[in-house]
Amino acid sequence: MTSLDLVDPDRISRFGYGVITWIDKDGFPFSVATDFLLSENGEILLKKPSAPPMMPGGRVGVLFNHITGIPTGGYTDRRYMLVWGRVSEDQGFLKLHAEELSEWDEKILPFDKLCAAAVP
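Laid out in structure tokens, this is it:
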């Protein structure tokens, strides 16, 4: 399975950055925001953060999110995509090999319907 099998390149291209989370060598979670780009093949390439190094092949979570504040209060245009997988070095970037995906976009599923669907 490739990242393209899980992640829609058109949808992920609507995000401006990602937040990578991994477990460091001492067993603590660490998160850092980073830029990303899509290769010509639709692969997700993350800019290598200047933070503590990740373990090669280690599992990571990458959160892509967007929210627009309304000047009078509240929010609109909310969406996120959370991709779990592993990373490998690729020409100065970290290539994300997606294994799991969860996402929400209020233009597809309004917030009230999302909440109603979560109630048992």
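The numbering of the sequence shown is this note's numbering, which starts it at 67 and goes up by one.
All C-beta atoms in this analysis are idealised placements derived from N, C-alpha and C, irrespective of residue type, glycine included.
| query | result |
| --- | --- |
| CB-CB length for L167 against V149, believed under 8 Å | 6 Å |
| DSSP bridge partner residues for I89 (one or two, in chain order) | P95 |
| Test item: CB-CB of R152 and G127 under 8 Å | no |
| Identity of the residues DSSP links to M147 by a beta bridge | F130, E169 |
| Local conformation of F81 per DSSP, three classes | coil |
| The stretch 86 to 105 contacting the stretch 135 to 143, beta-carbon criterion three pairs below 8 Å | no |
| Neighbour-count burial assignment, I110, 16 or more Cβ in a 10 Å radius | buried |
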